[in-house]
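Residue numbers (my numbering): 17 to 726.
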């Protein structure tokens, strides 16, 4: 699919009460430092696709709606005007006639006879105003804080800034605008700058930006002609979309796939620039110094570790290695491996899911030279917490003392299970580096999740400091001990050791009963831990997949639990229904928050027919392919071809798989095997085929060491 067919308004129709993606309609470069959209409202949900008015073009660094306007650090708003709209801060536009694409944005104002086109560049954009009306100009304002320092001749300079909670000085973002016509009028009134230009039918504005200096903003101005810049950004986006080619009799499915692929290439965003020697440099967000190397921002590992980086390990290794180098610089400059970069570490969400990103890269031999220092950072972060609990492990002392996080501490169950998984990830990196003693210690620690399993309740239940399970337990109670869920979703969050979890249940039969209940129990909840209905609760109810909350990251792996009891055919209709019922290319494109590419990448994997159930294991589980033909162009030059026959709505099960014309019987495959290139044919059927797969099970850590340690 060509990039011209991608509508960036995908998944932008949302509200506080219900998310259908909570996405922004971003135009920009893949992994760009800046993104652009139009702003239609002043609140956190500052774009609505149905709105008929807009407040200007917004340069944004906002990673999520939930960060709010303050989370859109160092942003900038530019509203073009002519004599008909001069002085207005909200103006009408025609959304049906306008064009919203990743590589350019065109806003039409028929009543004002004004067409405004924006073409992004690496560190800026080219904005063109086209109108026969006179007295053209722009209104410049700042959603957070900022100032214009120069407006002279045909040059406008200034900065926006934001004080992060963990900074003592504001982070400044410098910009320079060069205009094709001279400035004829300038006025500053209450932080809104009105700038008029000498008359011309077409006026071109070139924007350069920098987190380093005004001089770098000038250096970062677009240098090519507008048409050439458009060709370059078009080619770059088409190159990204061409990494996977899918075809299907249902064209809407194909359209949905490529809208998701577009979203996987937005985050994380680059926070580095290039010096006079074309070497990457960046501003250290903690010391405020300029330092060499890569840096990235706007990434929540609790979300993205599950799907985004495993996808990059197949199709985007070059950028992935730079991203890892950037994460390592974040560690060097803050003293801790990050949890939620925006751009400093905000510490959002439980656990240390960057450990999964590192382990997944390590076992796949990606960025191997960085792994010794990463291991040092993992060990440091695993055993202490920063004073504000924004870095390291929250409640590290308690986790190490009791073998679990006790119930008087917030989200204790999720912290415990997430740390158990991180301990597994540390063990995998240590093992890869030949640090056998460290690997042994952390592999044993990865069993600590077992300390919260209640034999009576058959769920993960919070414990107090005396080792007593919580009274009056209800598996439907959200929050408190759990994060964005209840015991239903959280109990199974031990991706590294499902075999060990099965033993806690008493065997495969009992575990199957639990999974059937998980899928068939009504999507009900109680709000005790939150005190009100949060949007994830509403989405689980609306989506209607039982207690499998497909619209939230902690449930991403839940359909695949059936693989561990040799019944992957139970997962197949769940996956097929979820992919085709809950995802679309429309304004309501997702079953919940998309979150920095994580749900898009989840869709990509599952639509192709396999999924990285446990990042760090080096394995993928076979799911349910959704396209007649899919070809994955791997970063190493090899290809994976997946052909699906009898690919109709009524065929909800895999009847047979062949690989290079031979029967393929395993329910999983390794990364090492996959990247050699494969040619799969999936034959679908109307009823389950219990003989489709053999008895081979996915890997669990308890197969290596079966004991509980505190």
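Idealized CB from N, CA, C, for every residue including glycine.
Predicted, not measured: the structure shown is a model, and the values here were computed from it.
Spatially closest choice to residue 524 from 565, 577, 499 and 277, by CA coordinates: Numbered from its first residue, the chain shown carries residue 524 at position 508. Residue 524 has its Cα closest to that of 577, out of 565, 577, 499 and 277.
Whole-Å CB distance - residue 336 paired with residue 382, under 8 Å assumed: Your numbering for residue 336 matches position 320 in the chain shown. Your numbering for residue 382 matches position 366 in the chain shown. Rounded, the Cβ-Cβ distance is 6 Å, consistent with contact.
I need the DSSP call for residue 631, collapsed to helix, strand or coil. Numbered from its first residue, the chain shown carries residue 631 at position 615. Coil at residue 631, not helix or strand.
Which partner residues does residue 74 have in the DSSP bridge list? Along the chain shown, one-based indexing puts residue 74 at 58. Paired residues: 53 and 93.
Residue from 318, 245, 700 and 331 with nearest C-alpha to residue 357: Here the question's residue 357 lines up with position 341 in the chain shown. Comparing Cα-Cα distances from residue 357 to each of 318, 245, 700 and 331, the minimum goes to 318.
When you compare the stretch 45 to 53 with the stretch 611 to 627, are there three or more beta-carbon pairs, one atom per stretch, that lie closer than 8 Å? no
For residue 80, I'd like the list of residues in its chain whose CB is within less than 8 Å of its CB, leaving aside the five on either flank, ordered along the chain. For the purposes of this step, residue 80 is taken as residue 64 along the chain shown, with counting starting at 1. These residues qualify, in order along the chain: 38, 87, 316, 609, 611 and 612.
Among residues of its own chain, excluding the 5 on either side of residue 380, which ones have a beta-carbon nearer than 7 Å to its beta-carbon? What you label residue 380 is simply residue 364 of the chain shown in a count that begins at 1. Taken in chain order, the residues that qualify are 329, 634 and 687.
Does the separation of the CB atoms of residue 230 and residue 192 fall below 8 Å? Numbered from its first residue, the chain shown carries residue 230 at position 214. Numbered from its first residue, the chain shown carries residue 192 at position 176. Contact: yes.
CA nearest to the CA of residue 344, picked from 453, 587 and 310: The sequence position of residue 344 within the chain shown is 328, counting from 1. Closest option to residue 344, Cα to Cα, is 310.
What's the C-alpha gap between residue 477 and residue 469? As a first step, residue 477 must be located in the chain shown, where it is residue number 461. As a first step, residue 469 must be located in the chain shown, where it is residue number 453. Near 6 Å, if we compare the C-alpha coordinates of residue 469 and residue 477.
I'd like to confirm the pairing. Which residues does DSSP put opposite residue 406 in its beta bridges? The residue you call residue 406 lines up with position 390 of the chain shown. DSSP, once it has assigned bridges, lists no residue as partnering residue 406.
Go ahead and label residue 615 buried or exposed: buried means 16 or more other beta carbons lie within 10 angstroms of its beta carbon, across all protein chains shown. If you number the chain shown from 1, residue 615 lands on position 599. With 16 or more other Cβ atoms within 10 Å, it is buried.
Report the residue ranges of all beta strand (DSSP E) runs contained in full by the stretch 619 to 664; include only those spanning at least 3 residues, in chain order. 635 to 638, 645 to 649 and 655 to 661
To the nearest angstrom, report how far apart residue 301 and residue 396 are at their CA atoms. Numbered from 1 along the chain shown, position 285 holds the residue referred to as residue 301. Numbered from 1 along the chain shown, position 380 holds the residue referred to as residue 396. So the alpha carbons of these two residues sit roughly 20 Å apart.
Residue 672 - partner residues in DSSP beta bridges: Locating residue 672 in the chain shown gives position 656, counting from the first residue. Residue 672 pairs with 699.
Hey, out of 138, 116, 112 and 118, whose CA is closest to residue 126's CA? The residue labelled residue 126 in the question sits at position 110 within the chain shown. When each option's Cα is compared against that of residue 126, the closest is 112.
When you compare only the Cα positions, how much space is there between residue 484 and residue 467? On the chain shown, residue 484 is found 468 positions in, with the first residue counted as 1. On the chain shown, residue 467 is found 451 positions in, with the first residue counted as 1. Approximately 11 Å, taken between the alpha carbons.
I'd like the ranges of any alpha helix (DSSP H) spanning at least 4 consecutive residues and lying wholly in the stretch 512 to 595. 514 to 521, 524 to 536 and 551 to 559
In the structure shown, what three-state DSSP assignment does residue 333 receive? Taking the chain shown and counting its residues from 1, the one referred to as residue 333 is at position 317. Of the three classes helix, strand and coil, the one that applies to residue 333 here is helix, per DSSP.
Since residue 67 and residue 57 should fall inside the 8 Å C-beta cutoff, what is the C-beta to C-beta distance between them, to a whole number of angstroms? The residue given as residue 67 occupies position 51 in the chain shown. The residue given as residue 57 occupies position 41 in the chain shown. Yes, residue 67 and residue 57 are in contact; Cβ-Cβ is about 7 Å, under 8 Å.
When 50, 575, 459 and 464 are compared against residue 428, the one with the closest alpha-carbon: Start at 1 with the first residue of the chain shown, and residue 428 comes out as number 412. Here the closest residue by C-alpha is 464.
Around the C-beta of residue 201, are 16 or more other C-beta atoms found within 10 angstroms, so that it is buried, or is it exposed? Reading the chain shown from its first residue, position 185 is the one you call residue 201. By the 10 Å Cβ count, residue 201 comes out exposed.
Measuring CB to CB, does residue 73 end up less than 8 Å from residue 40? Taking the chain shown and counting its residues from 1, one reaches residue 73 at position 57. Taking the chain shown and counting its residues from 1, one reaches residue 40 at position 24. Contact flag unset, no.
Below 7 Å CB to CB, which residues in the same chain sit around residue 194 once its five sequence neighbours on both sides are set aside? By 1-based counting over the chain shown, the position of residue 194 is 178. Within the same chain, residue 194 has close Cβ partners 170, 171, 222 and 237.
Quickly, what does DSSP pair residue 307 with across the bridge? List them, please. For the purposes of this step, residue 307 is identified with residue 291 of the chain shown, where counting begins at 1. Its beta-bridge partners are 298.
In this structure, what does DSSP give as the bridge partners for residue 69? Here residue 69 is taken as the residue at index 53 of the chain shown, counted from 1. Looking at the DSSP assignment, residue 69 forms a beta bridge with 108.
Taking DSSP's pairing of strands, which residues face residue 210 in a bridge? The residue you call residue 210 lines up with position 194 of the chain shown. BP columns for residue 210 point to 155 and 203.
Determine the burial state of residue 700: buried for a count of at least 16 other Cβ atoms within 10 Å of its Cβ, exposed for fewer. Against the chain shown, residue 700 aligns to sequence position 684. Buried, by the Cβ-count rule.
Thinking C-alpha only, which one of 657, 130, 713 and 155 is nearest residue 206? Translated into positions along the chain shown, residue 206 becomes position 190. Checked all of 657, 130, 713 and 155; the closest Cα to residue 206 is 155.
In three-state terms, what does DSSP make of residue 733? No statement about residue 733 is possible, as the shown extent of the chain runs from 17 to 726 and does not include it.
Can you tell me where the alpha helix (DSSP H) with residue 283 in it begins and where it stops? Sequence index remark: in the chain shown, residue 283 carries index 267 (1-based). Per DSSP, residue 283 belongs to no alpha helix (DSSP H) and is neither H nor E.
Hey, quick one: how far does the beta strand (DSSP E) through residue 161 stretch, first residue to last? On the chain shown, position 145 is the one that residue 161 refers to. Per DSSP, residue 161 belongs to the beta strand (DSSP E) from 161 to 168.
DSSP on residue 716, reduced to helix/strand/coil? As a first step, residue 716 must be located in the chain shown, where it is residue number 700. Residue 716: coil per DSSP, three-state reduction.
For residue 375 versus residue 714, is the C-beta spacing smaller than 8 Å? For the purposes of this step, residue 375 is taken as the residue at position 359 of the chain shown. For the purposes of this step, residue 714 is taken as the residue at position 698 of the chain shown. Going by C-beta atoms, residue 375 is not nearer than 8 Å to residue 714.
When the Cα atoms are used, what is the spatial distance from residue 517 to residue 575? Counted from its first residue, the chain shown places residue 517 at position 501. Counted from its first residue, the chain shown places residue 575 at position 559. The straight-line gap from Cα to Cα measures roughly 16 Å.
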